[in-house]
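Report on one structure; see the data block that follows.
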Amino acid sequence: MGASYHQFCPVAKAMELLDERWTLLVVRELVSGSQRFNELRRGLPRMSPTLLSRRLHQLVRAGVVERHVDGNDVRYVPTQAGHELRPVVEALGAWGVRWIGELGDEDLDPKLLLWDMHRNVDHSAVPQGRTVVQFHFRDVPPALRDWWLVITGEEADVCDVDPGHGVTVTVTASLRGMVEVWRGDRSWPEALRGGAVTVSGPEALRRALPRWFMLSGFAAVPRPAPPA
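Take the sequence shown: its letter number 26 is residue 26 in full-length UniProt numbering, and every next letter is one higher.
In structure tokens form, the structure reads like this:
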């Protein structure tokens, strides 16, 4: 637990655990379905492994998470207390979309974007067999420029090196443009018309691609009306 606020208010008592750096983002990943350490790291690419281990230990000690060990397989599973934090995370995210709209360049991360997208594939809309979507971000350093999403059956894998399969469609975009589509700040048609995102490949697949992804859960949050 963090330092005590020495207040009986339940908000203060909750924040003694939750307001330490990264803690709520670890909870975000846990309630989104990540259970293994490496999965959590992929959803928190800028968090050090040491700090992640420390935060998980704190959450286990607080009864928010249980650590399940089966041989070499270690999973971190939210308890009832952990699951009850889901609406808290969702409410914070919705508030952030509505009132903290500014994104700096340092906030844009292709690792996190692709990890989030792979969790929101609509497998019923994707063609049968193996589908490979290559993402080319034209405005990021070369080491982070190309990503592949390999979709087979009910599985989706994120690759940062060429997996060696034929590419079904290629998405070329500015990183900001793709993030804005994912967050719901602009629609797929708007991004495609404006050139922030382009899709190349067979026409039927190009047209179908936006339906392969269920957008971020925050995309549908209504934005505040602009000031008069």
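Quick reminder that beta carbons are idealized off the backbone N, C-alpha and C, glycines included.
#1: Take Ala156 as the anchor and find which of Phe213, Ser4 and Arg138 has the nearest alpha-carbon.
#2: Which residues bound the alpha helix (DSSP H) around Gln80?
#3: Quick check on this structure: which residue in Arg186, Pro202 and Leu30 has the alpha carbon closest to the alpha carbon of Gly195?
#4: Quick check: Pro45 and Leu149, are their CB atoms within less than 8 Å of each other?
#5: Give me the Cβ distance between Ser216 and Asp116, rounded to the nearest whole Å; I'm assuming they're in contact under 8 Å.
#6: Can you pull the DSSP bridge partners for Ile151?
#7: Start and end of the alpha helix (DSSP H) containing His57?
#8: What are the start and end residues of the alpha helix (DSSP H) that includes Thr23?
#9: Would Ala173 be called buried (16 or more neighbouring beta carbons within 10 Å of its own) or exposed?
#10: Between which residues of its own chain and Gly201 is the CB-CB distance below 7 Å, once the five residues before and five after are set aside?
#11: So, with DSSP's three-state summary, where would you put Val221?
Taking the coordinates as given:
#1: The count along the sequence shown starts at 1 and reaches residue 156 at position 156. The option with the nearest alpha carbon to Ala156 is Phe213.
#2: Numbered from 1 along the sequence shown, position 80 holds the residue referred to as residue 80. Here the alpha helix (DSSP H) through Gln80 covers Gln80 to His83.
#3: Position 195 of the sequence shown holds residue 195. The candidate whose alpha carbon is nearest that of Gly195 is Arg186.
#4: In the sequence shown, counting from the first residue as 1, residue 45 sits at position 45. In the sequence shown, counting from the first residue as 1, residue 149 sits at position 149. No, they are not a contact pair.
#5: Position 216 of the sequence shown holds residue 216. Position 116 of the sequence shown holds residue 116. Contact holds; Cβ gap of about 6 Å.
#6: Against the sequence shown, residue 151 aligns to sequence position 151. DSSP lists Thr131 and Ala156 as partners of Ile151.
#7: As a working mapping, residue 57 is identified with position 57 in the sequence shown. Element bounds for His57: Pro49 to Arg61.
#8: Indexing the sequence shown from 1 puts residue 23 at position 23. Thr23 to Val31 is the span of the alpha helix (DSSP H), which, as asked, contains Thr23.
#9: Counting from 1 along the sequence shown, the entry for residue 173 is found at position 173. Flag for Ala173 reads buried.
#10: To locate residue 201, count along the sequence shown from 1; it is residue 201. Here the set comprises Thr168, Val169 and Thr170.
#11: For the purposes of this step, residue 221 is identified with residue 221 of the sequence shown, where counting begins at 1. If DSSP states are grouped into helix, strand and coil, Val221 belongs with coil.
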